[in-house]
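Going by mature numbering (1 follows the signal peptide of the UniProt record, and there is no 0), the letters in the sequence shown line up with residues -29 to -1, 1 to 344, in that order.
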Amino acid sequence: MRKSFKPWGVVKAVTAGLLAVGLAGAALAQDSKVLNVYNWSDYIGPDVLKNFEKETGIKVRYDNFDSNEILHAKLVAGKTGYDIVVPSSNWAALQIAGGLFQKLDKSKLPNLKNMDPDIQAQLAKVDPNNDHMVNWLWGYTTVGINVDKVKAALGSEPMPDNVWELAFNPKYVSKLKSCGVSMLDAGSEILPAVLHYMGKDAYSTNQADYTAAAAVLKAVRPHVTLFSSSGYINDMVNGSVCLAVGWSGDISIARQRAIDTKTGQKIEALVPKTGGLIFFDSMAIPADAANVANAHAFMNFIMRPEVHASLTNQVFYANPNKEARKFVVPEVGNNPAVFPNSEQMKAMIAPKALGNDIRRLQTRIFTQFKTGR
């Protein structure tokens, strides 16, 4: 995954075309003029909600989370109070199986025609017939670095060909502790990354693989200085972190903030040769949502090409809208950290749904990793 972001330079105003298409009042009559959205932090530009509210008269309450674990716990507990949530697709598979989402009324989503069929096919693997989800944005888990600080810390040691070694090989990460090493604060993100680094199935169901992964994590634990799923952006901007296992768009946000605020930090999201771990964060309607028509109206609004492009322009995650690319500003659209090329895409590791037993195992290993046990 991800992320109430205030633009920092590459941000472009949403075009006047955002207001061109009206919504039928009859479709909204059954709901109150309210929409409750629960989304990742740093994952939207300021104009999107404002334009939606102006056009529809629907007031949006917009809250943030920073891990799939937090969202999943709310959904399982029920009575979330939200009309749209944005899980990653592999978590959504569990949630769909558990009856936690409503089926979409596709007659209210004419802009589904704009969605990239390849991405729709990817989502259909966990959501047959795309019945429950509309992709918000997509990206990948990777390694981000402060280029100058990492080079200085490594000294005569050259950069490894496999950039995952920077995070998971003590030979490298021990040298980077002095300039700050951050990892995502979620076992469901870190365990697949370390398994992939080890050459194993990132979404393995073999307990022996997790035992081996725990040993790798234990070896690097003394050199990890921060666990963060959102704050690491500003830590990279101010130079207190030189390496982060994080999300591609977040690292690119940090890069742009550093440029705009002239902090002097040269930040780069690396695209691993062996592949990053791709994710598809997607809108879904909880089973107990109160404002279902408003939720469909918002989804359809997001799928306008200009709107989807504005999200990419502002938060540096790729969008799934085949009609939106022409509205993405060139410096973002041509950035391989945002839109990897075909060879890089072939290497990406697609997400898989995991059962609760493996989720619990991931959580236990990650807790031991964080506490140093």
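All C-beta atoms, glycine included, are put in the ideal place defined by N, C-alpha and C.
Computed from a prediction, not measured in an experiment: that's the story for all the values here.
Under 8 Å between C-beta atoms of residue i and residue j
i                 : j                 : result
tryptophan 135    : proline 243       : yes
valine 299        : asparagine 284    : yes
phenylalanine 269 : leucine 6         : yes
serine 59         : phenylalanine 250 : yes
tyrosine 174      : leucine 325       : yes
aspartate 221     : isoleucine 238    : no
valine 152        : valine 195        : yes
leucine 214       : leucine 155       : no
alanine 63        : aspartate 34      : no
leucine 125       : lysine 146        : yes
valine 191        : phenylalanine 139 : yes
phenylalanine 23  : isoleucine 29     : yes
aspartate 54      : alanine 266       : yes
valine 56         : alanine 255       : yes
Residue i, enclosing alpha helix (DSSP H) - first and last residue
i              : result
asparagine 312 : Premise fails: asparagine 312 is in no alpha helix (DSSP H) and is neither H nor E.
tryptophan 62  : 60 to 68
tyrosine 53    : Taken as a continuous stretch (DSSP letters only), tyrosine 53 belongs to no alpha helix (DSSP H), as it is neither H nor E.
isoleucine 116 : Element bounds for isoleucine 116: not the alpha helix (DSSP H) but the beta strand (DSSP E), 105 to 117.
asparagine 101 : Asparagine 101 -> no alpha helix (DSSP H), and no H or E assigned at all.
leucine 94     : 88 to 95
asparagine 327 : 327 to 342
asparagine 22  : 17 to 27
Reference residue i, options the options, closest by Cα
i              : options                           : result
leucine 241    : Val212, Thr113 and Asp172         : Thr113
serine 219     : Ala92, Trp109 and Asp87           : Trp109
threonine 27   : His43, Glu40, Tyr288 and Lys4     : Lys4
lysine 293     : Ser12, Tyr33 and His279           : His279
tyrosine 168   : Glu128, Gly304 and Gly247         : Gly247
isoleucine 224 : Tyr203, Leu42 and Val286          : Val286
valine 31      : Asn327, Lys323 and Asn262         : Asn262
lysine 77      : His194, Ala183, Asn101 and Ala295 : Asn101
alanine 321    : Asp328, Thr245 and Val303         : Thr245
asparagine 117 : Ala64, Ala318 and Gly235          : Gly235
threonine 338  : Asp34, Met254, Ala229 and Ala185  : Ala185
glycine 69     : Pro88, Ala266, His103 and Val121  : His103
valine 216     : Gln227, Asn209, Ala229 and Gly202 : Gly202
glycine 115    : Val57, Ala308 and Gln315          : Ala308
aspartate 87   : Trp107, Lys74 and Leu75           : Trp107
asparagine 327 : Val8, His43, Val105 and Phe36     : His43
asparagine 305 : Asp119, Tyr288 and Ala318         : Tyr288
tyrosine 181   : Trp11, Pro276, Arg330 and Lys25   : Arg330
Limits of the beta strand (DSSP E) - the one that residue i falls within
i                 : result
phenylalanine 36  : 30 to 36
phenylalanine 251 : 248 to 254
residue 380       : Only positions -29 to 344 of the chain appear in this structure, which leaves residue 380 out of reach.
tyrosine 9        : 5 to 11
Integer Cβ distance of residue i from residue j, believed to fall under 8 Å
i            : j                 : result
leucine 83   : methionine 274    : 7 Å
glutamine 66 : leucine 46        : 6 Å
residue 345  : asparagine 290    : What the structure shows of the chain is the stretch from -29 to 344, and residue 345 is not part of that stretch, so it cannot be assessed.
leucine 188  : phenylalanine 340 : 4 Å
For this session: Could you pull out every unbroken alpha helix (DSSP H) segment of at least 4 residues lying fully inside the segment 259 to 325, listed in chain order?
Result: The segment 259 to 325 contains these whole alpha helix (DSSP H) runs: 263 to 273, 276 to 286, 301 to 304 and 313 to 318.
Exercise. Unbroken beta strand (DSSP E) runs of length 3 or more, entirely within the segment 186 to 220: which are they?
Worked result: The DSSP assignment places complete beta strand (DSSP E) segments of no fewer than 3 residues inside the segment 186 to 220 at 214 to 218, in order along the chain.
For this session: Kindly provide the ranges of any alpha helix (DSSP H) runs that are 4 or more residues long and lie completely inside the segment 125 to 162, ordered along the chain.
Result: Qualifying alpha helix (DSSP H) stretches, in chain order: 136 to 139 and 141 to 147.
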